[in-house]
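Chemist: In the working numbering, the protein residues as written are 91 to 401.
Before I ask anything, let me first share the structure, which is written out below as structure tokens.
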Amino acid sequence: MAFLLAGFLTVLMAAPAAVAETGSTTSAPHEKPAYPTEFSLPDGFQPEGIAIGPGAAAYFGSRGTGAIYRADLRTGKGRIINPGPGTPSLGLKVDTRGRLFVAGGTGGDARVIDTRSGKVLASYRLATGTAFVNDVVLTRDAAYFTDSANPVLYKLPLGRGGALPEEAVKVPLSGDIVYTTGNNANGIAQTPDRRALLVVQSNTGKLFRVNPSTGVAALVDIGAESLTNGDGLLLEGRTLHVVQNRLNTLTSLSLNRGATSGKVVRKLTDGRFDVPTTVASFRDRLYLPNARFTTTPTPTTPYNVVAVERH
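Given below as structure tokens:
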């Protein structure tokens, strides 16, 4: 590999005391307000996905109840906008029309929620039997969902003006990706050239470039690097951020335009990470929800979101 960081970089970003106590900060007159670098989610929430936008609105899904929580990144405060169906809400993406696309995990479904009212605009049965609809990416003309239990992508083709379809289309995965025991296809993103999709396979640590029309997957050459426990993906330009959840690591890769190859340019750990699952960006920060998979969830278990600087 052309460049490999010798060790993990540790970024310690201690939040101001005011943030820890109130979820907000104060500033002198005429100063730009300092957004909190971490803030709490409701106790017992069990967060998994995050989506940000438009503006400073951030959305989180509960893997326990499927509830959707909206927070203001300026203050860290928020509220539940949808109580959920009692099955998980995992990967999330929000579009410019204020619609939140939600991957339904073991529920085997996908939902589209109006971020203004919290109402479900559409619900799709993607799979019957064993399923784990894990993550979602939005392209110009479709939404694609991964299933960690079944070698298939689910496609919601979007019509004129972003019109939602009546039903989803299955795109079987083939080629280099081989499903095995554990979580398979997980995080999903577009390639830098927008011609294909990127999918990380959590249990094998492999990254694939997938043809969205045929489902044929080609292994991305990342040298000797492994993306084991790869979860949420975020593409910024030609930089792909990969959250390696149980490793408490955010790995960043520099890809070529077609995403046929890439190299690791940063591995970031942080003392505040507690099994983060995915990542979204706002201004000069990356935000990660702590899923705390290694902590037994109870109705009073605390959960939070942490922010690190973008580089």
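Yeah, the Cβ is synthetic: ideal placement off N, Cα and C, and Gly gets one too.
Please read all numbers here as calculations on a predicted model, not as lab measurements.
Residues in the same chain with beta-carbon distance under 6 Å from residue 397, minus the five sequence neighbours each way, listed in chain order, please.
Modeler: 127, 375 and 377
Chemist: Grab the span of the beta strand (DSSP E) containing residue 366 for me, first residue to last.
Modeler: That residue, residue 366, is in no beta strand (DSSP E); it is neither H nor E in DSSP.
Chemist: Closest to residue 186 by C-alpha separation, out of 132, 162 and 203, would be which residue?
Modeler: 203
Chemist: Report the three-state DSSP secondary structure of residue 251 (helix, strand or coil).
Modeler: helix
Chemist: What residues in its chain sit with their C-beta under 7 Å from that of residue 206, if we drop five residues either side in the sequence?
Modeler: 188
Chemist: Using 8 Å as the threshold, is the C-beta distance between residue 383 and residue 335 below it?
Modeler: yes
Chemist: Could you tell me the alpha carbon to alpha carbon distance between residue 231 and residue 255, rounded to whole angstroms?
Modeler: Going by the C-alpha atoms only, they are around 11 Å apart.
Chemist: Going by beta carbon distance, what residues of the same chain come within less than 7 Å of residue 365, once the five residues before and after it are set aside?
Modeler: 335, 336, 338, 380, 381, 382, 383 and 384
Chemist: Rounded to whole angstroms, what's the CA-CA distance from residue 355 to residue 153? Just pull it up for me.
Modeler: 31 Å
Chemist: Leaving out five residues on either side along the sequence, give the residues of the same chain with a beta carbon under 6 Å from the beta carbon of residue 100.
Modeler: In this predicted model, residue 100 has a pLDDT of only 37, less than 50, meaning its place in the structure is not dependable; the value taken from the coordinates is given anyway. Correct list, in chain order: 359.
Chemist: Distance, Cα to Cα, residue 200 vs residue 373?
Modeler: Here the alpha carbon of residue 200 sits roughly 29 Å from the alpha carbon of residue 373.
Chemist: Which value, in whole angstroms, describes the spacing of the CA atoms of residue 367 and residue 293?
Modeler: 14 Å
Chemist: Within this structure, are the beta carbons of residue 281 and residue 299 separated by less than 8 Å?
Modeler: yes
Chemist: Could you tell me whether the Cβ atoms of residue 149 and residue 157 are closer together than 8 Å?
Modeler: It is not a contact, given that the beta carbons lie outside the stated cut-off.
Chemist: Determine the DSSP secondary structure at residue 299, reduced to helix, strand or coil.
Modeler: strand
Chemist: Work out the CA separation of residue 184 and residue 306 for me, nearest whole Å.
Modeler: When rounded, the distance between both Cα atoms is 27 Å.
Chemist: Mapping DSSP to helix, strand and coil, what is residue 335?
Modeler: helix
Chemist: Going straight from the alpha carbon of residue 257 to that of residue 215, what length do you get?
Modeler: 8 Å
Chemist: Residues in the same chain with beta-carbon distance under 7 Å from residue 240, minus the five sequence neighbours each way, listed in chain order, please.
Modeler: Closer than 7 Å at the Cβ level, and outside the excluded window around residue 240, lie 217 and 221.
Chemist: By alpha-carbon positions, which one of 132, 287 and 166 ends up nearest to residue 309?
Modeler: Among 132, 287 and 166, the Cα nearest to that of residue 309 is on 287.
Chemist: DSSP three-state label for residue 359, please.
Modeler: In the structure shown, residue 359 sits in a strand (DSSP, three-state: E or B).
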